[in-house]
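K.L.:
Counting in this note's numbering, the sequence shown runs from 1 upward without gaps. Note that CB positions come from ideal geometry on N, CA and C, so glycine has one too.
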Amino acid sequence: MEKDELCKQVLDLDSRIRFAGVINENGRLIAGGMRSGFKSLEDSKDDEMLYMELVLRARMRKEFDKVLGPVKFAMSYRDKLIIMSFPVEENILLISVEKDIDFSKLPFNILDIINH
Numbered sequence: 001m002e003k004d005e006l007c008k009q010v011l012d013l014d015s016r017i018r019f020a021g022v023i024n025e026n027g028r029l030i031a032g033g034m035r036s037g038f039k040s041l042e043d044s045k046d047d048e049m050l051y052m053e054l055v056l057r058a059r060m061r062k063e064f065d066k067v068l069g070p071v072k073f074a075m076s077y078r079d080k081l082i083i084m085s086f087p088v089e090e091n092i093l094l095i096s097v098e099k100d101i102d103f104s105k106l107p108f109n110i111l112d113i114i115n116h
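(1) Please report the distance separating the alpha-carbon of PHE108 from that of LEU81.
(2) Confirm, please, whether the CB-CB distance from GLY27 to TYR51 is below 7 Å.
(3) Return helix, strand or coil for ILE17, following the three-state DSSP convention.
(4) Going by DSSP, which residues form a beta bridge with ASN91?
(5) Taking all protein chains shown into account, do 16 or more other C-beta atoms lie within 10 angstroms of the C-beta of ASN91, making it buried, or fewer, making it exposed?
Given below as structure tokens:
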């Protein structure tokens with residue numbers, strides 16, 4: 001699936017999804033972005049650091065793939081929002097959502113989109 005279309009389908013799942021973007025292996029946003037009407041909670045310099053840190057964490061998690069199996073998604077529950085990341089080929093799909101969303105179901109709905 002084309003990367004921008006993937007982001008659009010994820011954003012279409014729920015209006016409380018703030019951001020859906022694809023981050024490449026160099027920590028750069030290559031598709032998607034913030035939903036219209038939402039403002040980023042950090043400045044663009046912080047975005048770059050978040051993306052690079054995300055890529056680093058994803059690489060570190062691969063160390064355990066042989067023992068535990070590959071990561072399907074990771075989630076951080078923060079004071080202001082929830083962040084989820086999903087490996088997609090060599091990239092990472094990054095999602096940020098409002099805290100009142102049902103985070104027990106949403107990641108699996110996103111996995112359905114990724115896998116079809």
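P.N.:
Taking the geometry as given:
(1) So the two alpha carbons sit approximately 18 Å from each other.
(2) For TYR51 and GLY27, yes; Cβs fall inside 7 Å.
(3) DSSP places ILE17 in the strand class (E or B) of the three-state scheme.
(4) When beta bridges are read from the DSSP output, ASN91 appears opposite VAL88.
(5) By the 10 Å Cβ count, ASN91 comes out buried.
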